[in-house]
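Now the structure itself:
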């Protein structure tokens, strides 16, 4: 709905408090999905699996 989208964009442009909330939320999302954070999480999973002695079957 183009009209609803335009209205929402205008609201964000005109509402400083709302815009600041969106900026803050966006910054938090970027930090959460930063590659250095994700890579660390993946490494912890690998270390847990490798240290447990569990056998992992890889799909072919």
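Numbering (the working numbering), first residue to last: 29 to 88. The C-beta atom is built at its ideal place from N, Cα and C for all residues, glycine as well.
(message) Checking 8 Å against the spacing of the C-beta atoms, do residue 40 and residue 46 come in under that value?
(response) yes
(request) Measure the alpha-carbon distance for residue 60 versus residue 51 and round it to whole angstroms. (result) 14 Å
(request) Note down the Cα distance separating residue 37 from residue 56, rounded to an integer number of angstroms. (result) 21 Å
(request) Measure the C-alpha to C-alpha separation of residue 82 and residue 72 and round it to an integer number of angstroms. (result) 15 Å
(message) Between which two residues does the alpha helix (DSSP H) holding residue 66 run?
(response) 63-80
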